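Colleague: Chains as they are written, first to last, in this note's numbering: chain A, 1048 to 1164; chain B, 45 to 217; chain C, 406 to 1022. Ideal placement from N, C-alpha and C gives every residue a C-beta, glycine not left out. Being a predicted model, the structure only gives us computed values, none of them experimental. Encoded as structure tokens, here's the structure I'll be asking about.
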Amino acid sequence: MKYLLIFFIIFYSFANASETETRSISITKNLRCLVCEGQSVYESNSDFANDIKNFVKKEIKKNKTDKEIYQFLISKYGESILFNPSLSLKNIALWLGPILFFLVGAFIIFRRLNVTK
Amino acid sequence: MYLKKGFKIFSLFIIFIFIFIIFYLALFQNKKDFEPRVMIGKKMPNLISQSLFDNSNKSLDQIFLNEILVVNIFASWCAPCKIEHPFLMKLKQNNIQIIGINYKDNNKNAKNFLEKYKNPYQEVLIDSKGELSINLGVFGVPETFVVDKNFKIIDKHIGPIDNKFVNKILKLK
Amino acid sequence: MASNIANLILILSILFSFLCNLFFFKKKNNLSIFFFNASSYLIILSFFLLIYFFCSSNFNISAVYENSHSLKPLFYKFAGTWGNHEGSLLLFIMIVGIYGLLFSRYYNDDSKFKSWVIFFQNNIFLIFLIFLITTSNPFDLIVPTPIEGLGLNPILQDPLLVIHPPFLYLGYVGFSLTLSLVLSALINKQLNDRWAKICWPWVMTSWVFLTIGISLGSIWAYYELGWGGYWFWDPVENASLMPWLVSTALIHSLLVLKVRNQMKNWTSLLAILTFSFSLLGTFLVRSGILNSVHAFANDPDRGVFILLIIFFITSVSLVIQILCSSSELKNKFLFFSKESFVNINNLFLLFFLFVVLLGTIYPIISSIFNKTISIGPVYYNTILAPFVFIFLVLMSIGPLLKWSQSIGIKNLNPSLMIFFISILLSFLIIQVTRQNDLILYLGILTSLVLIFTLFYEIFKNIKKGSFYYPRLCSHLGVGVLFLSIFFNAYYSKTKDFEISMGETKVFDKLSIKFLKQDIYKINNYLEMKAEFKIFIGEKVFNLTPSVRRYLQPDQITSETSIQPTLFSNYYLAINFPDQNSTTLGTRYYYNFFIHGIWLGLFLIIFGGVLSVFKKRV
């Protein structure tokens, strides 16, 4: 019975660990390492990156949501720490621009096509 | 037909000049603007940790004396910290309160460092895992924060401080 | 003394280049070509001289002093020649010269056309040579002679990284000849199907080299950087991807020009844009405008100079294109015809280009407004994915269509069949592996549609023996590549953990034991190697990842240890040990189907190589 309990504790901690880890990896991949040349926190071995990685793991264990963790880091480091441009009005060009480009291009081609079967 | 071609060439040049200006400006952008300065204007986070000197738990708002405070992140293994040290001593000599945050350091090495170079700090808090520094939005050593008497961050300096920064602080007193 | 000889060669080269122009204006074509050739040979000579200086550690020469060290192994001294701004710029110029030399040697039909091509090639050569001599001369003299050099970035001391730049350059610098060809054709009113046939092998050769160069970079990132990834949408990676996308569009457009003598203006525009994007890439990497692990010389003044060069070359080319563009009949294409689908192909490729360009440039633009923003993989993957799916399907249909005829809808019945089979198979795969993700499903589905359609084509035509296997090979490569990308993205596993010596960690049906660690001193670095034993079911194998501390300059790198299987890799990397810690930070990756990615890239490249040599439309 004792061994079963130990087994479940170990198993649970690994199961939990993998969930923490998946989240930790996905969050840190989305954070920019501010002392590196364009790498993510996940992909860096610098002191800063390691600090942030430990911090993220701790916050996940405290049951903070992804959004809360991002918000905290943004409040300390600014929006530039995030890799994923947020869907704000300023970034609308980034998402709408390509769509517009495609539509204009498609229209130009369409004019050149003789759509008769 | 020539009008159409002329128009094309004209608009080409307009676009090119526009693009050129953008890239030109970007090239000479002062990289200093990439430093996170979001903490300036915000209330100083209350940092709580062990003191380097007597191992007791101290919190920043306990140490705070309602006057200008300088918070300096340093480490014994950090070369630029040695360079800025004389300027910290100058601040101390002018009775500016300085709190040190010892970043990811070995306690013995840190104490030796202060003994060798002299101690400019009223108090030093240990930050062995870099957690306090994240609270301040720090990403390297050394960094220095200036806190006013209302416990608000009013300035920060990334990298070793210089005479200019010291004078700025002295003027505030 | 050595420096003086080298500088003399450079000056002589510039002089000959000017003479080439002089004789061209005097309509003495043979002399003009002669002096261009001579000039190019001189630059080749100077490059070999630079190699010699590097290998013999001649620290009188500025490039050698700044980038080499006597302790470096000979092979990396040799490679150090182009591992720096000045040396790589000399390589750049040399390749412009080499492409010109090769064209001069192998093309002898129309001497007027030839002289124009050499003229343009010569001026591209000359502009960059002047830039080199005035701002980035590798042969500057250092007096007094330093005892030792400043060393080379240890990350660059890797065989893959050594050959990566030369291949990239043979690729995108090769498009200089494409530019010269198109400008000559425009001015001489010879932009037609014959020109497209002449152009074809030169464009394909550059395209092949560029693809190889990009692939090598990807392979290097995977094996060396230690994070299990092969593409990071890093701005410098993007800088090489952009000319690749334009040149791929150009190749398809050239096809229409070759076969139907149509799409002249569009093809000429693409040809000009290809080299412009090559130049843009050069600018982005060298000017310090970007933040990246790759970025070379951070020198804004050089950046302005390069910017001016790009604008000059591009604007002159576009003005020529506008003035000389033919007023061709804008005949309409039928929708279900090959020409129409090439147009659609171009639309998609240029859309991809626009996305990559926007993502790369946007941080630069927002930096002017004091706003820092970073664009990571999530942006690119999100916006590209839906279009990639549609593109793969269209790519399977396009080659089935005919030229200037509309194919009847019922001729596409096989496609419909293949579509249904793929839907079922993809669904099966998703269910069996229990990964209910729509993106994965669509990715597998569309890749399979492409792959199966190609198999169908091969099967249908194998009796006739009349299929065009270069295209089949490359398109198959694309299908395999995307299938592998999706498999790799969704079925790989990763785990980060701390482990102490003698400890065993168990997860994912395997166990890892940290056996021992050793410290070695080799050449110019200190290495800590950790040995792990891995047990998976019946299989047992050892992996030995390590970290290195280089002496000159002081830098730490991580070396991965990989156990390959048929399709995948078991991959281990360690972190630099913390001073106060008794445990070792370790990263384990199971990279599923990574070999499929390399196979896909290989097929794309091989198809291109076949295309250069195969004499057929």
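1. Which residues in chain B have a C-beta closer than 9 Å to the C-beta of C:G803? List them in chain order.
2. Grouping DSSP H, G and I as helix and E and B as strand, with all else coil, what is C:V783?
3. Please list the partners that A:N1092 has in chain C, where partner means a Cβ-to-Cβ separation under 8 Å.
4. One question on the structure: do C:G633 and C:T899 come within less than 9 Å of each other, judged by their Cβ atoms?
5. What span of residues does the beta strand (DSSP E) with B:N146 cover, start to end?
6. Would you say C:S422 lies against chain B (beta-carbon separation less than 9 Å)?
7. Is C:G618 close to chain B, meaning its C-beta is less than 9 Å from at least one C-beta of that chain?
8. I believe C:L744 touches C:S809 by the beta-carbon criterion, under 8 Å. Please report the beta-carbon distance rounded to the nearest angstrom.
9. Between B:K52 and chain C, is any beta-carbon pair separated by less than 9 Å?
10. Closest Cβ-Cβ distance between A:D1098 and chain B: below 9 Å?
11. Quick one: list the residues of chain A neighbouring B:V82, beta-carbon separation under 9 Å, in chain order.
12. Taking the alpha carbon of B:I112 as the reference point, which residue from B:E128, B:I142 and B:I59 has its own alpha carbon closest?
13. Terminal residues of the continuous alpha helix (DSSP H) containing C:A935?
14. Let me know if A:D1098 comes out buried or exposed under the rule of 16 or more other beta-carbons within 10 Å of its beta-carbon.
15. Should A:Y1089 be flagged as near chain C, meaning a C-beta pair shorter than 9 Å?
16. Hey, does C:I769 have any beta-carbon neighbour from chain B nearer than 9 Å?
17. Based on DSSP bridge pairs, tell me the residues matched to C:K900.
18. Give the residues from the segment 155-169 of chain B that approach chain C closer than 7 Å (Cβ to any Cβ), ordered along the chain.
19. Starting from C:H569, follow the alpha helix (DSSP H) in both directions and report where the run begins and ends.
20. Which two residues bound the contiguous alpha helix (DSSP H) that contains C:R707?
21. Of all Cβ atoms in chain B, is any one closer than 9 Å to the Cβ of A:V1082?
22. With a threshold of 6 Å on Cβ separation, who are the neighbours of C:H699 within its own chain once the five nearest residues in sequence on each side are excluded?
23. What residues in its chain sit with their C-beta under 7 Å from that of C:S892, if we drop five residues either side in the sequence?
24. Cβ closer than 7 Å: which chain A residues qualify as neighbours of C:N996?
25. For a contact defined as C-beta to C-beta under 7 Å, what are the partners of B:K49 on chain C?
26. What residues in the segment 169-192 of chain B bring their beta carbon closer than 8 Å to a beta carbon of chain A?
27. What is the DSSP secondary structure of B:E187, counted as helix, strand or coil?
28. Closest to A:A1096 by C-alpha separation, out of B:I178, B:N207, B:I53 and B:I140, would be which residue?
29. Classify A:R1158: buried if its beta carbon has 16 or more other beta carbons within 10 angstroms, exposed otherwise.
30. Should C:M668 go down as buried or exposed, given a rule of 16 or more other Cβ atoms within 10 Å for buried?
31. May I have a chain-ordered list of the alpha helix (DSSP H) segments no shorter than 4 residues that lie completely inside the segment 77-156 of chain B?
32. How about C:N472 and C:L555: do their beta carbons lie closer than 9 Å?
33. Quick one, are the C-beta atoms of C:G1012 and C:Y874 less than 9 Å apart?
34. Check whether the Cβ atoms of C:G502 and C:F530 sit closer than 9 Å, and answer yes or no.
35. Return no unless some Cβ of chain C is closer than 9 Å to the Cβ of B:L69.
36. For A:N1138, decide whether its Cβ has a neighbour in chain B, counting only Cβ atoms nearer than 9 Å.
Modeller: So, to answer that:
1. None at all; the shortest Cβ gap to chain B is about 31 Å.
2. It is helical.
3. I961, S963, N980 and F981
4. yes
5. Q141 to Y147
6. no
7. no
8. The question names Leu, but residue 744 of chain C is Glu in the sequence shown. About 7 Å; that satisfies the 8 Å criterion.
9. yes
10. Yes, because at least one Cβ of chain B sits closer than 9 Å to the Cβ of A:D1098.
11. I1121, S1122, K1123, Y1124, G1125 and E1126
12. B:I142
13. No alpha helix (DSSP H) holds C:A935; the beta strand (DSSP E) holding it covers Y930 to I941.
14. buried
15. So yes, A:Y1089 belongs to the interface.
16. Taking 9 Å as the CB threshold, C:I769 lines the interface with chain B.
17. C:Y993
18. Residues are counted here when their Cβ sits less than 7 Å from a Cβ of chain C; for the segment 155-169 of chain B the count is zero.
19. Its alpha helix (DSSP H) spans residues P564 to Y577.
20. P705 to C729
21. yes
22. Bear in mind that a pLDDT of 49 at C:H699, under 50, signals an unreliable position, so the number given afterwards is only what the model happens to contain. These residues qualify, in order along the chain: V641.
23. Checking the displayed sequence, the identity of residue 892 of chain C turns out to be Phe instead of Ser. Closer than 7 Å at the Cβ level, and outside the excluded window around C:F892, lie F997, F998 and G1001.
24. Those do not exist, as C:N996 stays about 14 Å from chain A at its closest Cβ, beyond 7 Å.
25. I727 and L728
26. K173, G174, E175, S177, I178, N179, L180, G181, F183 and G184
27. strand
28. B:I178
29. exposed
30. buried
31. Runs found: 104-107 and 123-137.
32. In this structure, C:N472 lies near C:L555, with their beta-carbon atoms less than 9 Å apart.
33. yes
34. Their beta carbons are under 9 Å apart, which means C:G502 touches C:F530 by this criterion.
35. At least one chain C Cβ lies under 9 Å of B:L69.
36. no
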